[in-house]
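Asker: With the working numbering, the residue at position 150 of the sequence shown is 153, and numbering never jumps.
No residue lacks a Cβ here, since even glycine has one placed at the ideal position from N, Cα and C.
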Amino acid sequence: TSRRKFFPIILVTSLNQVEDKIAGLEAGADDFFSKPFHTLELVTKIRSLIKLERLQDELECSEDIIFTLAITIEAKDLYTKGHSERVGNLSAEFAGFLGFPDKDIINIRKGGILHDIGKIGINEAILLKSARLSEDETTLVRDHPVIGSKICKPLYSLRQVLPIIRSHHERWDGKGYPDELTGNEIPVMARMVNIIDTFDAMTSIRPYRAGVFTREEVIDTMKKEKMSGQWDPHLTEKFIEMMEKQYINQWPLKRD
Numbered sequence: 004t005s006r007r008k009f010f011p012i013i014l015v016t017s018l019n020q021v022e023d024k025i026a027g028l029e030a031g032a033d034d035f036f037s038k039p040f041h042t043l044e045l046v047t048k049i050r051s052l053i054k055l056e057r058l059q060d061e062l063e064c065s066e067d068i069i070f071t072l073a074i075t076i077e078a079k080d081l082y083t084k085g086h087s088e089r090v091g092n093l094s095a096e097f098a099g100f101l102g103f104p105d106k107d108i109i110n111i112r113k114g115g116i117l118h119d120i121g122k123i124g125i126n127e128a129i130l131l132k133s134a135r136l137s138e139d140e141t142t143l144v145r146d147h148p149v150i151g152s153k154i155c156k157p158l159y160s161l162r163q164v165l166p167i168i169r170s171h172h173e174r175w176d177g178k179g180y181p182d183e184l185t186g187n188e189i190p191v192m193a194r195m196v197n198i199i200d201t202f203d204a205m206t207s208i209r210p211y212r213a214g215v216f217t218r219e220e221v222i223d224t225m226k227k228e229k230m231s232g233q234w235d236p237h238l239t240e241k242f243i244e245m246m247e248k249q250y251i252n253q254w255p256l257k258r259d
């Protein structure tokens, strides 16, 4: 798509009180100049605003590319197609259920979509393998959280989701990877995505098992995993509560 045209809005006025400037900026102006002013200063400010807007467009384009890559990774595998988007959407819903602010809901959705972006650095044959992975292959797959965080780190707009990407395979008992974090050392949104990542796997068709879990089997399995130390016990209970309240008549969940 073609880039939208940007025309800076600069107020030039004889008013020079702070309240006047705030009112102008809140009305949609990009900057505020009080008379008298130097023409060269105005031209320089306009150029600066246009350059800043172009940089923002480039950042948004780069972010779009990364999200597209995340979805493309799954496209070749019938069993995981749509997984990241489902994880992102359900993570956002869970955050809303817990009363998180809008900015955190946006970030956890991004983190859910991008949680497996690091798999782009892993051999496709390993990712699509239906048989049990060898020890070396398992080690390679376990590198994907670190690879993913490195891919997204250059983008300032994704800085808030890096902990989700890096830590979504950590376990409450400290037996996860890559950093073996324990309990509350694990970022809370990474703990949430971890639960939902596994939940989606249980409620999706996978090559290593026949069919999907029933509602009762999913809840029973989640409670057992909580007791085994995989997940944050409180968050697990809250997630089960949400699913029982909001999806009691929608099982199995509809898939794209």
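Do the CB positions of His118 and Ile167 come within less than 8 Å of each other?
Answerer: Within the sequence shown, numbered from 1, the residue matching residue 118 stands at position 115. Within the sequence shown, numbered from 1, the residue matching residue 167 stands at position 164. The answer is yes: Cβ separation under 8 Å.
Asker: Pull up the distance between the alpha-carbon of Glu173 and that of Thr16, whole angstroms please.
Answerer: Along the sequence shown, read from residue 1 onward, the residue named residue 173 stands at position 170. Along the sequence shown, read from residue 1 onward, the residue named residue 16 stands at position 13. Roughly 56 Å separates the two Cα atoms.
Asker: Could you tell me the alpha carbon to alpha carbon distance between Thr47 and Glu29, rounded to whole angstroms?
Answerer: Here the question's residue 47 lines up with position 44 in the sequence shown. Here the question's residue 29 lines up with position 26 in the sequence shown. For Thr47 and Glu29, the distance between alpha carbons rounds to 22 Å.
Asker: Run the CB neighbour count on Ile106, radius 10 Å, all protein chains shown included, and call it buried at 16 or more, exposed below.
Answerer: Here residue 106 refers to the residue found at position 103 of the sequence shown. Reading off the sequence shown, one finds Lys at residue 106, where the question assumed Ile. Classification of Lys106: exposed, given that the 10 Å Cβ count is below 16.
Asker: Judging by CA-CA distance, which residue of Ala32, Phe202, Ala204 is the nearest neighbour of Ile12?
Answerer: Locating residue 12 in the sequence shown gives position 9, counting from the first residue. Nearest option by C-alpha distance: Ala32.
Asker: Ile108 and Leu72: beta carbons closer than 8 Å?
Answerer: Start at 1 with the first residue of the sequence shown, and residue 108 comes out as number 105. Start at 1 with the first residue of the sequence shown, and residue 72 comes out as number 69. The answer is no: Cβ separation not under 8 Å.
Asker: Return the CA-CA distance between Ser51 and Lys113, expressed in angstroms with no decimal places.
Answerer: Mapped onto the sequence shown, residue 51 falls at position 48. Mapped onto the sequence shown, residue 113 falls at position 110. C-alpha separation (whole angstroms): 30 Å.
Asker: Would you kindly work out how many angstroms separate the C-alpha atoms of Leu161 and Gly179, rounded to a whole number?
Answerer: Looking up residue 161 in the sequence shown gives position 158. Looking up residue 179 in the sequence shown gives position 176. One C-alpha to the other measures close to 23 Å.
Asker: Taking Ser152 as the reference, give the member of Ala134, Arg135, Ala193 with the closest Cα.
Answerer: In the sequence shown, residue 152 corresponds to position 149, counting from 1. Here the closest residue by C-alpha is Ala193.
Asker: Take Gln249 as the anchor and find which of Asp223, Asn126, Val221, Glu96 has the nearest alpha-carbon.
Answerer: As a first step, residue 249 must be located in the sequence shown, where it is residue number 246. The residue with the shortest Cα to Cα distance from Gln249 is Glu96.
Asker: Nearest CA to the CA of Glu244: which residue from Asp146, Asn197, Lys226?
Answerer: The residue given as residue 244 occupies position 241 in the sequence shown. Of the listed residues, the one whose Cα sits closest to Glu244 is Lys226.
Asker: Just to confirm, is the Cβ distance from Gly115 to Ile199 under 8 Å?
Answerer: Here residue 115 is taken as the residue at index 112 of the sequence shown, counted from 1. Here residue 199 is taken as the residue at index 196 of the sequence shown, counted from 1. Going by C-beta atoms, Gly115 is nearer than 8 Å to Ile199.
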